[in-house]
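Numbering (the numbering used here), first residue to last: 22 to 190. Beta carbons: idealized from backbone N, C-alpha and C, even for Gly. Here's the structure, in structure tokens; my notes come after.
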């Protein structure tokens with residue numbers, strides 16, 4: 022960005038804004054819709070940006086800090102945009118013993134990500150995010166992972182390779 026250029030204004034699609042306005046109207050106090058707003062914005066944009074926090078605060082008559090507190094407190098909210106395909110590898114004991122660390126390392130290697138880095142990592146093209154998560158509640162079928170919204174059990178390295186070919190472009 023040059024010294025004369027301005028950042029693009031944050032814009033919520035009209036249909037989504039109408040949906041959120043209707044949602045807020047169902048609560049006796051608008052602020053009660055905060056979490057629902059954040060979920061909807063994250064679903065649409067892939068994360069909750071500073072601009073989304075400010076927009077939410079403005080729509081609900083709050084200070085931005087009131088919304089930012091929610092984003093930073095709850096682990097389901099992301100401030101960074103995630104990839105179109107999310108690979109969440111369980112790392113709890115059963116999965117760790119069954120090869121979860123090797124599985125995550127394999128994904129990182131295939132996608133050009135740093136296996137030594139902590140936290141979610143997204144490929145430069147925005148196609149994949151790989152991260153460790155806590156228990157996915159399928160310890161008897163370890164190692165397990167979530168590929169987008171689908172649970173995969175007893176995942177092998179060849180199966181991991183096949184998963185990558187099944188992902189959204």
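Opening and closing residue of the beta strand (DSSP E) in which residue i lies
i	result
residue 109	106-111
residue 128	Taken as a continuous stretch (DSSP letters only), residue 128 belongs to no beta strand (DSSP E), being part of the alpha helix (DSSP H) at 121-132.
residue 150	149-154
Residue range of the alpha helix (DSSP H) that includes residue i
i	result
residue 77	71-81
residue 57	55-66
residue 35	35-46
residue 94	85-94
residue 182	178-187
Short Cβ contact (8 Å threshold) for residue i with residue j
i	j	result
residue 116	residue 164	yes
residue 147	residue 104	yes
residue 131	residue 185	yes
residue 152	residue 140	yes
residue 88	residue 55	yes
For residue i, the residue or residues it bridges with in DSSP
i	result
residue 167	109, 172
residue 142	151
Rounded straight-line distance, which links the Cα of residue j to that of residue i
i	j	result
residue 62	residue 36	12 Å
residue 124	residue 110	8 Å
residue 40	residue 51	14 Å
residue 194	residue 102	Any answer about residue 194 is impossible in this case: the structure gives the chain only from 22 up to 190.
residue 182	residue 44	41 Å
residue 80	residue 38	10 Å
residue 169	residue 180	16 Å
residue 75	residue 91	13 Å
residue 77	residue 143	26 Å
residue 59	residue 98	8 Å
residue 157	residue 127	19 Å
residue 136	residue 107	16 Å
residue 30	residue 174	43 Å
residue 172	residue 150	16 Å
Per-residue burial, residue i [other beta carbons within 10 Å of its own, 16 or more giving buried]
i	result
residue 187	exposed
residue 53	exposed
residue 155	exposed
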